[in-house]
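Q: If you're matching them up, the sequences are chains A and B in order. Heads up: the first sequence begins at 142 in this note's numbering, then just goes up one per residue. Heads up: the second sequence begins at 142 in this note's numbering, then just goes up one per residue. All residues carry an ideal CB built from backbone N, CA and C; glycine is no exception. One structure, pasted below without further comment.
Number of protein chains: 2
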Amino acid sequence: MAVYTEVSDDELARFIVPYGIGEVLSYKGIAEGVENSNFLLRTTEGTFILTLYEKRVNAADLPFFLGLMEHLAARGITCPLPVKNTAGEALGTLCGRPAAIITFLEGMWTRRPQVVHCAELGRALAGFHAAGQDFPLKRANALSVSGWRPLAEQAGSRADDVMPGLAREIVDELDFIEQAWPHGLPQGVIHADLFPDNVFFLGQKLSGLIDFYFACNDTLAYDLAICLNAWCFEPDGAFNTTKARALLSAYHAARPLSEAECQALPLLLRGSALRFLLTRLVDWLAVPPGALVKPKDPLEYWKKLRFHRSVTDISAYGWTP
Amino acid sequence: MAVYTEVSDDELARFIVPYGIGEVLSYKGIAEGVENSNFLLRTTEGTFILTLYEKRVNAADLPFFLGLMEHLAARGITCPLPVKNTAGEALGTLCGRPAAIITFLEGMWTRRPQVVHCAELGRALAGFHAAGQDFPLKRANALSVSGWRPLAEQAGSRADDVMPGLAREIVDELDFIEQAWPHGLPQGVIHADLFPDNVFFLGQKLSGLIDFYFACNDTLAYDLAICLNAWCFEPDGAFNTTKARALLSAYHAARPLSEAECQALPLLLRGSALRFLLTRLVDWLAVPPGALVKPKDPLEYWKKLRFHRSVTDISAYGWTP
């Protein structure tokens, strides 16, 4: 839930003038996104999302994010398109914060992904990776393998408050992953956060991808690993190989995975599970006891990590190339 | 900010079928209202608000609230209109909660009300009171004078944590108001919460009233007192008599205030200030220290109350009949 900044009607009316999208008819703060303030904005010209970038977002990254959406949209990926003002800029300033207006995308994220959704996702992810290949801007992944140890140190022994022994497990896992992490796999722009709430469907058809605020340059197959972790576990913790097969085979049909990528996949899945375990753990420990907003459960990703530790090759995920 | 219940896409798709408003295109939780979960819902037929009534709302009151909106809309008051399903019912059940779909009203609430807005409000409030006269359902005001002492007792001596001496001040004020409270003034349906965020404007023209979930039968001029307190104080605490004059004279032009109502107004304003002081105080004391969501400042209403104590007749508010 996220509306950190109160925008007044007067300020908003002034802000949108140079964007040429008519007059404001209404705007409502929306309870989506955890990093920024988002408003659903209706004007005489249409419906838009207004985003105010809060302090957790590095303003220097915004041209990358907004430029990427424009780049992808021009290559046929359905995603929100930043609206430019008369000066040709997408980025403006509202209430002292960087702010942008992007087009509104119809669709709903699916709370209970089915096999058909996973197949759609695989196809879309491969299309996203292909479309990003000639994007000229670069952004390092601050949450890739080199960023994990600092997170583990931030949590420190307090990880044991969440689960006894967790601090030790994390350090052991880090020691292993840091030395084993694959380098030299195909690189490109990855979404890095393609959870179900960032993928819209109309019926069973994927209608768009949103929220590019973790996008960066990194290993393409690592993005696939993030998706497998986010989409193919059941609420009871079981890994659903039918969903994974649908995701992997649809991805592979559009961008064939190399042998090296297939071999690395179990490790990439461990790494992806560790990354979300660590960020959730830090968020969990940062919330004061008794707070109304409960952060996501870090142990969900600990269980996923443990599953991948038991895997020896890609066939455990229900698919082989 | 309010989305207490997570609604799945499947559940929503099933829920809306009997309402005959087409297929869901999108829905977003919106950060408005503090009692219920609200979603902005777009379908192939239009834009709507979906509300799930959470436990702070008494389900037995819902026919009053929804019936009132329908009654008012039929009498030309611009307000959201509940959509009825094939069985002729506005109220359904979603995620185990009473739920309703109401039409979406364009407009924005004004963060900095000006004199012109206050005049519009006065006219609209009188129209609301007139339109409510023949509404057949009844609902007592649980937050009228008899409901204040229990709130004061709930806060008890902890009121002094907010401001030393406040507990004593509240009891003294209650003792006075309970004996002096006027009875026999014109009664009717009041909105009871017509703060700026519940009044929409397009430009300087009032475009609608929303949020009828405190509406009840009570003294009409008490509703006017709630508005004067909510709209006519400046951020620095000063009472703006120009705004009050605009509000009072526009109201009076549409529904003339009796001499008894005019005489009672300073007391009704003290009572209204005490009511919001008490509910804010109870909410303030209920929030754990360190919580992310900060409740509204009770002392804002303590200062308003103190101002009205110094008033001897209605002319202090910049207007006489």
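Can you grab the Cα-Cα spacing for the pair B:Ser-298 / B:Glu-164, in whole Å?
A: Roughly 54 Å separates the two Cα atoms.
Q: Would A:Asp-150 count as contacting chain B if we go by Cβ distances under 8 Å?
A: Cβ-Cβ to chain B under 8 Å: yes for A:Asp-150.
Q: Let me make sure I understand the geometry here. Which of A:Leu-262, A:Leu-361, A:His-449, A:Arg-396 has the alpha-carbon closest to that of A:Lys-384?
A: A:Lys-384 has its Cα closest to that of A:Leu-262, out of A:Leu-262, A:Leu-361, A:His-449, A:Arg-396.
Q: Pick from A:Ile-351, A:Val-452, A:Leu-369, A:Ile-331: whose alpha carbon is nearest that of A:Arg-280?
A: Here the closest residue by C-alpha is A:Ile-331.
Q: Assess contact between the stretch 225-241 of chain A and the stretch 146-156 of chain A, defined as three or more Cβ pairs (one per stretch) separated by less than 8 Å. Is contact present?
A: In short, these stretches touch, since the Cβ pair count reaches three.
Q: Write down the C-beta distance between B:Gly-329 and B:His-270 rounded to the nearest angstrom, noting that I regard them as a contact closer than 8 Å.
A: That pair is a contact at about 5 Å.
Q: Return yes when the Cβ of A:Ala-267 is within less than 8 Å of the Cβ of A:Arg-411, no when it is not.
A: Not a contact, by the Cβ cut-off of 8 Å.
Q: Would you say A:Ile-171 reaches chain B, if we count a Cβ-Cβ gap shorter than 8 Å as a contact?
A: Yes, A:Ile-171 counts as interfacial toward chain B.
Q: Any C-beta of chain B within less than 9 Å: which residues of the stretch 230-263 of chain A qualify?
A: Those would be Phe-245, Leu-246, Glu-247, Gly-248, Met-249, Trp-250, Thr-251, Arg-252, Arg-253, in chain order.
Q: Check the DSSP bridge columns for B:Val-340 and list the partner residues they point to.
A: Answer is B:Leu-350.
Q: Given B:Phe-180, which residues of its chain have a CB within under 6 Å of its CB, disregarding the five upstream and five downstream residues?
A: Taken in chain order, the residues that qualify are Tyr-168, Gly-170, Leu-191.
Q: Are at least three pairs of beta-carbons, each pair with one atom in the stretch 290-307 of chain B and one in the stretch 420-430 of chain B, less than 8 Å apart?
A: The stretch 290-307 of chain B is in contact with the stretch 420-430 of chain B.
Q: Along the stretch 450-462 of chain A, where does the CB come closer than 8 Å to a CB of chain B? Name the residues.
A: Those residues of the stretch 450-462 of chain A that come within reach of chain B (Cβ to Cβ, closer than 8 Å) do not exist; the list is empty.
Q: Using a Cβ-Cβ cut-off of 8 Å (strictly less than) and excluding sequence neighbours within five positions of A:Val-257, which residues of its own chain qualify?
A: Same-chain partners within the cutoff: Gln-345, Ala-387.
Q: Unbroken alpha helix (DSSP H) runs of length 4 or more, entirely within the stretch 149-183 of chain A: which are they?
A: Whole alpha helix (DSSP H) segments, 4+ residues: 150-157.
Q: Pull out every residue of the stretch 194-207 of chain A whose Cβ sits closer than 7 Å to any Cβ of chain B, in chain order.
A: Residues: none.
Q: Taking the alpha-carbon of A:Ser-287 as reference, which of A:Gln-404, A:Gln-295, A:Glu-319 has the nearest alpha-carbon?
A: Ranking the options by Cα distance to A:Ser-287, first place goes to A:Glu-319.
Q: Name the chain B residues whose beta carbon is nearer than 7 Å to that of A:Tyr-168?
A: Within chain B, the residues near A:Tyr-168 are Met-249.
Q: Is B:Ala-366 closer than 8 Å to B:Ser-413 when the C-beta atoms are compared?
A: Cβ distance < 8 Å, so B:Ser-413 and B:Ala-366 count as in contact.
Q: Could you tell me the alpha carbon to alpha carbon distance between A:Lys-225 and A:Met-249, rounded to whole angstroms?
A: Cα-Cα distance, rounded: 26 Å.
Q: Looking only at its chain, what residues have a beta carbon closer than 6 Å to the beta carbon of B:Ile-243, apart from the 5 residues adjacent to it on each side?
A: Excluding positions up to five away in sequence, the list reads Ile-190, Pro-221, Pro-223.
Q: Do you know how far the Cα of B:Cys-368 is from the Cα of B:Leu-406?
A: The alpha-carbon atoms of B:Leu-406 and B:Cys-368 are separated by roughly 12 Å.
Q: Using only the alpha-carbon positions, how far apart do B:Tyr-442 and B:Gly-208 sit?
A: Taking the straight line from one Cα to the other gives about 32 Å.
Q: Does any C-beta atom of chain A lie closer than 8 Å to the C-beta of B:Leu-343?
A: By this cut-off, B:Leu-343 is an interface position.
Q: Mind listing the chain A neighbours of B:Leu-181? Cutoff is C-beta to C-beta under 9 Å, in chain order.
A: Chain A residues near B:Leu-181: Lys-169, Ile-171, Leu-181.
Q: Could you tell me whether any Cβ in chain B is nearer than 8 Å to the Cβ of A:Val-165?
A: Taking Cβ atoms only, chain B reaches closer than 8 Å to A:Val-165, which makes this a yes.
Q: By DSSP's criteria, A:Ala-240 is part of a beta bridge. Which residues make up the other side?
A: Answer is A:Leu-193, A:Gly-233.
Q: Kindly say whether A:Met-142, judged by its beta-carbon, lies nearer than 8 Å to any beta-carbon of chain B.
A: Confidence is the limiting factor: at A:Met-142 the pLDDT is only 41, short of 50, which leaves the residue's position unreliable and the question unanswerable from this model.
Q: According to DSSP, simplified to helix, strand and coil, what is A:Met-304?
A: Here A:Met-304 sits in coil by DSSP.
Q: Since A:Met-249 sits in a beta bridge, which residues does DSSP pair it with?
A: Paired residues: A:Phe-342.
Q: Does DSSP put B:Val-330 in a helix, in a strand, or in coil?
A: Correct three-state label for B:Val-330: strand.
Q: On the DSSP bridge list, what partners appear for A:Phe-380?
A: Answer by DSSP bridge pairing, in chain order: A:Phe-374.
Q: Taking 7 Å as the cut-off, is the beta-carbon of A:Pro-337 closer than that to any non-hydrogen atom of the ligand SAM?
A: As presented, the structure is devoid of all ligands, the ligand SAM included, so that no description of it is given.
Q: For A:Val-198, which residues from the same chain have a beta carbon less than 6 Å from its beta carbon, with the 5 sequence-adjacent residues on both sides left out?
A: Once the five neighbours on either side are set aside, the close Cβ partners of A:Val-198 are Glu-176.
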